[in-house]
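One structure below.
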Amino acid sequence: MAVGENPDGAYKLDVNPSFASFQNVEVTKVDETKPWKPPVEVSVTKADGSTEIIDASTPFFTFEGADGGKLIVSAATAGHIDDLHIKGTDAGSKFAHGSLEDLFTDVQDKLPADVATTPGVSAFSMEMGKNMGKEGIASMTELQEGGIISAADVALAESVRTQVYELNKSGDAAAKEAFVADFTSKNPGSRIQFQLVRGTVLVPIVDTPKRTTTKLFSVFGPAGENTKAMWTAAPGRYMPKHPNPTQFSAEEMASGSFEESANAWFDTVMLTGNEPEVSETEVVAADVVDEVKSDAVESVTLQDPVKLFSQLLGSAEYRDGVIRLRTAGEREAISAVKAGVETAAKKRLNELKSASAMAALGETDIKTAQRRGKEWGMALKAVSEVSLDVDGEVKTVSVGEALNVLTAEGMKEKAEEIATLESSLVDAEVRVNALLDGIAADLEVRKDDPEFQAALAVWGNSPDSKGGRGVDEKGFHAGIIHYFEYRASKEKAGRYKREADGAFGIDGFIEHSKDLEAYVQPGADLKSMPEVQNFARLTDENGRERLLLSTDRFTISAFKWEDQDSLGIITVLPNSNPDPKGKNAKRFEKMLMAEIKNTSNDKGYLNHLGEERRLVDADDQFAGLLDA
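Residue 17 is where the sequence shown starts when you use the numbering used here, and the numbers rise one by one after that.
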């Protein structure tokens, strides 16, 4: 909805006295029947330190409208905003308010007057007049006025506006990826580049840090007659949904909503930089910024996993990938409803076409008409128009237009359900983004922690999820790549599908590394470890070593170069458990034979043995190969 005005303060804030100045809210129960798992029960630590288990929807704050409308902030939402934006440590997400009471007292005078009574979901931004954190988008006009991009950069981007629009409207992923590669190769000096977000939408990007904002973005959804509940609040401006045609109904496409979205996401670019921000009084030439960026990339090697991790968490592409994959359930739920509408529309259109074909043949019974075989097929094929109700009036329209009308009607009927699902998606995206913010803040605090450093030391180096090996061709820290970077890869993230809820983070990485550490310790007695099903150690003429190992949980590959003191884990694959068909053993044997026969080098592996390789230790099943 458009942002309305509230000059007289149409809302008055009411604070639930039972939970005023609460200390903490923790979700204790969620609705497992819904893919987005909304909270249904929370534990509240009150101001006096006592705790109480309550319904997650309990109003903590209520904005009472002069017209009788109400806007509520539930316990679950209040706890989330308080934890992330009031008490959080990430400056990019922190609001300039000492408490939720301060925030909502400020908000009550700025809320659009018609939020509570306007049908459907209301998403808007409010000018707060103070620092509300940072946002990862900015208009081209803002960036040009700030000297971040030039008029030539903008003109170059404008020259491909129509092409980007058409690709977003009807192009496939391959065509969009080809456009990105072609634009980058032809215009390497342009500060404006392009990338895919959410895996499908082409948007302009600028390599510059997030910018401080004084705007507060909020979303409210229906919660009863003339009542809405706050779903989320975050720093930044309002933006329409991304120009992904699968997220727009036929009616929205026809009304210009898609075009409006496409233009908004072209004129406003995503900010992808993570170099240190400079003050407003500093003027940094583009070549200096490029040099800083280059130095940062050069330094990301095996020897600097913390910097690699930090840059990963600051990457818009990485965050987008993680968010997209961790909200797949919400997206699938939306797609399923829309697909159902489209299927129903096609079914209804086929019924209308059949009725027209029957009339042309002078038949009144569908089965009788179908028995006329070829005549029936030709009659159906000849139908180019059908009659249907359009806005209360029966009209004859083309078959193509009829499908659009029927689909639009179906989308209207499902509008509330779709809006609820879309709001759940927004909430899920906010939660995942907050999770990543939390990991980034945790890294800053714990980067020198001995336990974290010990976990890092368990790993070797490997390519990233796309096969990249870095500027020095030595690869990257395998632990950061496998445990964190893989989370943004559709092909790789599946290996963590059985992970316990809440495990993703630095603590989860430490525990994962501890689970693996014993296997790569010098002198480890693998034969005495009951969980080890198969293992083999190989060496070569250079003093390099390879360990292949299969347990009831993992298949592991570790490697030691001749100038290293110990093995480092480079690959971890989940094993089947139970494994009635022996898949784990078959995979292990295939990997081992490839190493023994030296066929693994044909694939150009980063970590590879030399030509003269030999098996020096193995479990009983493969001990016979020691003398082979």
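We put the CB at the ideal spot given by N, CA and C, even for glycine.
Could you tell me which of the options sits nearest to residue i, measuring between CA atoms?
i	options	result
Tyr621	Ser573, Glu605, Asp579, Ala601	Ser573
Arg253	Phe274, Trp281, Glu267, Ala239	Trp281
Gln39	Gly491, Lys62, Val58	Lys62
Gln261	Val442, Tyr181, Asp98	It is worth fixing the name first, because residue 261 is Pro in this sequence and not Gln. For the residues Val442, Tyr181, Asp98, the minimum Cα distance to Pro261 belongs to Tyr181.
Asn550	Asn449, Thr229, Leu563	Leu563
Gly408	Val421, Leu396, Ile350, Glu68	Val421
Glu275	Glu578, Thr178, Thr216	Thr178
Glu401	Gly378, Asn366, Lys428	Asn366
Val353	Gly272, Thr436, Leu419	Thr436
Glu460	Ser265, Glu501, Gln327, Arg485	Gln327
Gly114	Ile350, Ser37, Glu57	Ser37
Ser34	Ala189, Ile70, Pro259, Lys110	Ile70
Ile585	Phe604, Arg603, Val536	Val536
Leu583	Phe575, Asp464, Gly598	Phe575
CB residue i to CB residue j, shorter than 7 Å?
i	j	result
Ile522	Arg462	yes
Lys146	Ala112	yes
Leu152	Lys53	The identity of residue 152 in the sequence shown is Gly, whereas the question assumes Leu. No; because the gap between Cβ atoms is not below 7 Å, this pair is not in contact.
Trp247	Gly240	no
Ile208	Ala173	yes
Glu547	Asp568	yes
Ala344	Leu100	no
Gly84	Asn242	yes
Glu346	Ser440	yes
Ala373	Val399	yes
Asp283	Ser155	yes
Pro251	Thr229	yes
Glu509	Leu341	Correcting the residue type first, residue 509 is Ala in the shown sequence and not Glu. Yes, the Cβ-Cβ distance between Ala509 and Leu341 is below 7 Å.
Val46	Val58	no
Ala266	Thr423	yes
Leu29	Met148	no
Can you have a look at residue i and say buried or exposed, based on whether 16 or more other CB atoms are within 10 angstroms of its CB?
i	result
Gln263	buried
Val235	buried
Arg629	buried
Asn184	buried
Val632	exposed
Ala144	First, the amino acid is wrong: residue 144 is Met here, not Ala. Met144 is buried by the Cβ-count criterion.
Glu627	exposed
Val410	exposed
Val304	Since pLDDT at Val304 reaches only 25, below the 50 mark, its modelled position is unreliable, and the value read off the structure follows with that caveat. The residue in question, Val304, is exposed, as its Cβ has fewer than 16 Cβ neighbours within 10 Å.
Asp336	buried
Arg387	exposed
Ile164	buried
Asn623	buried
Glu429	exposed
Asp636	exposed
Leu642	exposed
For the beta strand (DSSP E) containing residue i, name the first residue and the last one.
i	result
Asp30	27-31
Val536	Val536 -> no beta strand (DSSP E), and no H or E assigned at all.
Pro238	231-238
Gln211	208-213
Ser166	Run containing Ser166: none; DSSP gives neither H nor E here.
Trp247	243-251
In the DSSP assignment, find the alpha helix (DSSP H) that holds residue i and state where it starts and stops.
i	result
Asp523	522-533
Thr200	189-202
Asp405	Unbroken run through Asp405 is the beta strand (DSSP E), 401-406; no alpha helix (DSSP H).
Ala266	266-271
Phe77	Premise fails: Phe77 lies in the beta strand (DSSP E), 75-81, not in any alpha helix (DSSP H).
Indicate whether the contact test is met: 3 or more Cβ pairs, each with one atom in the region 378-395 and one in the region 328-345, closer than 8 Å.
With contact defined as three or more Cβ pairs closer than 8 Å, the region 378-395 and the region 328-345 are not in contact.
Determine contact between the region 212-225 and the region 118-133, defined as no fewer than three beta-carbon pairs at a distance below 8 Å.
Output reads no: the region 118-133 does not touch the region 212-225.
Three or more beta-carbon pairs under 8 Å between the region 462-476 and the region 356-363, yes or no?
Cβ pair count under 8 Å is below three, so no.
Is it true that the region 59-78 meets the region 88-104, where meeting means three or more beta-carbon pairs spaced less than 8 Å apart?
The region 59-78 is in contact with the region 88-104.
Evaluate the contact criterion for the region 319-326 versus the region 490-508: three or more CB pairs, one atom per stretch, below 8 Å.
Judged by Cβ distances under 8 Å, the region 319-326 makes contact with the region 490-508, as three or more pairs qualify.
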